[in-house]
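Asks:
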Amino acid sequence: MTNNTLPVNFLYLGGDKCGSTWIWHILNQHPDVALANAKEIFYFDRFYDKGEDWYRRQFPKQPQAMRIGEICHDYLYSETALERIARDLPQDSRFLVTVRAPVARSVSHWKYMLKIGRTNLCFEDAVREYPEIVENSLFGKHVQNARNHLGANRVFVLDFDQLKTDPKGFGGSLCSALDVPFIETLPYEDRILEAQSARNPALVSVLRNGGWVLRRLGLPSLVSTVKSSPLVSKVLYTSDPAKTPPEPGAEILQELSDLFAPDQARLTELMEPGLKNRQETQAV
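Residues in the sequence shown are numbered consecutively from 0, following numbering that gives the first Met the number 0.
(1) Is it the case that the segment 14 to 25 contacts the segment 46 to 62, given that we only count it when at least three CB pairs across the two stretches are under 8 Å?
(2) Rounded to whole angstroms, what's the CA-CA distance from G68 to S228? Just pull it up for me.
(3) Under three-state DSSP, which class holds F159?
(4) Express the C-alpha separation of E246 and K275 in angstroms, rounding to a whole number.
(5) How long is the line joining the alpha carbons of Y74 and L34, rounded to whole angstroms?
(6) Flag this pair as yes or no: are the beta carbons of A176 and F155 separated by less than 7 Å?
(7) With a Cβ-Cβ cutoff of 7 Å, do F94 and L157 count as a contact?
(8) Does DSSP classify F94 as helix, strand or coil?
(9) Count the other CB atoms within 10 Å of the CB of F145; is the residue buried (16 or more) or exposed (fewer)?
(10) In the DSSP assignment, what residue or residues form a beta bridge with L34?
(11) How is Y47 classed by DSSP in three states: helix, strand or coil?
(12) Specify whether the segment 262 to 272 and the segment 129 to 148 touch according to this definition: at least 3 beta carbon pairs, one from each stretch, less than 8 Å apart.
(13) Please go through the same chain and pick out, in chain order, the residues whose beta-carbon is closer than 6 Å to the beta-carbon of F169, but skip the five residues on each side of it.
(14) According to DSSP, which residues form a beta bridge with V212?
(15) With distances taken from CA atoms, which of L258, G248, P244, S220 is nearest I40?
(16) State buried or exposed for D15, treating a residue as buried only when at least 16 other CB atoms are found within 10 Å of its CB.
(17) Is it right to say V205 is buried, meaning 16 or more other beta carbons lie within 10 angstroms of its own, or is it exposed?
(18) Would you report the Cα separation of F43 and P130, rounded to the nearest angstrom?
(19) Along the chain, where does the alpha helix (DSSP H) that runs through Y111 open and close?
(20) With a threshold of 7 Å on Cβ separation, who are the neighbours of L185 within its own chain once the five nearest residues in sequence on each side are excluded?
(21) Thinking C-alpha only, which one of F122, S92, V98, C17 is nearest V106?
(22) Tell me G13's beta-bridge partners as DSSP assigns them.
(23) Tell me V154's beta-bridge partners as DSSP assigns them.
(24) Grouping DSSP H, G and I as helix and E and B as strand, with all else coil, what is C174?
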């Protein structure tokens, strides 16, 4: 595969539970951005064997856009995917990473696993049973790895806290990272919130497995359409407080906070020059 054949010059790499659905929602409405026909193609990690022609077909034909890309929150965690991305995408590509308070991200990850029927364990037990709950929150480690593979000047780090408190400002940061015009009128204030719990986690698990079958058959856009359907969401999920899992205890949260502290310090060191470079770019 050569790096000038793919119709892609940006990717959202991760993290998961860090606003990727909101980013998908906004960029889908940006006139200078063209996204794949489905959120999360998983080409570079799961479906690379399908080849570049298959991947090309997942995008609009002859899109007139400055940036063409995919939102997939798993690439950040895959060494193989990063190696393939570095090899296959053009040199002017840009890569987005959103970081989040690691303990909060881990709790959100656990709640999502409950929601999709992957586990019924309490938070303390799930943390020990599923290493990715902690591993995916090690942003210092993963940002450094992405930069090592893709180049520090091509990996742009966004802050999930800004999305929560200042979505329009986050939208500006997003457009700056992609080097596309900031559009004042996009619906930055839209809240893209997932329902808190599944009505029937076992059913959700079955449907998710079916979704992977459809992706393997080359139908990721169908999966994306179903997942984004308000009717499907209403049928499968509920915001009933009675079904909301209890919050984790203070002891395990402090334990994780202490565990994440060295990695957060590492992230801070990485972010400082990155933020300075972006500010200088914006000033120019």
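Backbone N, C-alpha and C fix where the C-beta goes; we use that ideal spot for every residue, glycine too. Predicted model, so just to flag it, every value in this text is computed and none were measured.
Replies: Working from what's here:
(1) no
(2) Reading the sequence shown from its first residue, position 69 is the one you call residue 68. Reading the sequence shown from its first residue, position 229 is the one you call residue 228. Distance between the alpha carbons of G68 and S228 is about 22 Å.
(3) Position 160 of the sequence shown, counting from 1, holds the residue named residue 159. In the three-state scheme derived from DSSP, where H, G and I count as helix and E and B as strand, F159 is classed as helix.
(4) On the sequence shown, residue 275 is found 276 positions in, with the first residue counted as 1. On the sequence shown, residue 246 is found 247 positions in, with the first residue counted as 1. Note on K275: pLDDT 39, under 50, position unreliable in the model; the coordinate value appears next. Cα to Cα, the separation comes out at about 37 Å.
(5) Within the sequence shown, numbered from 1, the residue matching residue 74 stands at position 75. Within the sequence shown, numbered from 1, the residue matching residue 34 stands at position 35. Taking the straight line joining both Cα atoms gives about 16 Å.
(6) Sequence index remark: in the sequence shown, residue 176 carries index 177 (1-based). Sequence index remark: in the sequence shown, residue 155 carries index 156 (1-based). In contact: A176 and F155 (Cβ atoms closer than 7 Å).
(7) Counting from 1 along the sequence shown, the entry for residue 94 is found at position 95. Counting from 1 along the sequence shown, the entry for residue 157 is found at position 158. Not a contact, by the Cβ cut-off of 7 Å.
(8) Mapped onto the sequence shown, residue 94 falls at position 95. Three-state DSSP puts F94 in a strand.
(9) Here residue 145 refers to the residue found at position 146 when the sequence shown is read from its first residue. First, the amino acid is wrong: residue 145 is Ala here, not Phe. Result: buried.
(10) Numbered from 1 along the sequence shown, position 35 holds the residue referred to as residue 34. Per DSSP, G68.
(11) Position 48 of the sequence shown, counted from the first residue, corresponds to residue 47. Note: Y47 maps to helix in three-state DSSP.
(12) yes
(13) One-based indexing of the sequence shown puts residue 169 at position 170. Cβ within range, chain order: Q161, L162.
(14) Looking up residue 212 in the sequence shown gives position 213. According to DSSP, V212 bridges with nothing at all.
(15) Counted from its first residue, the sequence shown places residue 40 at position 41. For I40, the nearest C-alpha among the options comes from S220.
(16) In the sequence shown, the residue the question calls residue 15 occupies position 16. Classification of D15: buried, given that the 10 Å Cβ count is 16 or more.
(17) Counting from 1 along the sequence shown, the entry for residue 205 is found at position 206. Classification of V205: exposed, given that the 10 Å Cβ count is below 16.
(18) For the purposes of this step, residue 43 is identified with residue 44 of the sequence shown, where counting begins at 1. For the purposes of this step, residue 130 is identified with residue 131 of the sequence shown, where counting begins at 1. If you take the alpha carbons of F43 and P130, they lie about 22 Å apart.
(19) Residue 111 sits at position 112 when you count from the first residue of the sequence shown. 101 to 114 is the extent of the alpha helix (DSSP H) around Y111.
(20) Your numbering for residue 185 matches position 186 in the sequence shown. I25, Q28, H29, G170, listed in sequence order.
(21) Taking the sequence shown and counting its residues from 1, the one referred to as residue 106 is at position 107. Nearest of F122, S92, V98, C17 to V106, Cα basis: F122.
(22) Residue mapping note: residue 13 aligns to position 14 of the sequence shown, counting from 1. Partner(s): V96.
(23) For the purposes of this step, residue 154 is taken as residue 155 along the sequence shown, with counting starting at 1. DSSP output for V154 lists F94 as bridge partner(s).
(24) Within the sequence shown, numbered from 1, the residue matching residue 174 stands at position 175. Of the three classes helix, strand and coil, the one that applies to C174 here is helix, per DSSP.
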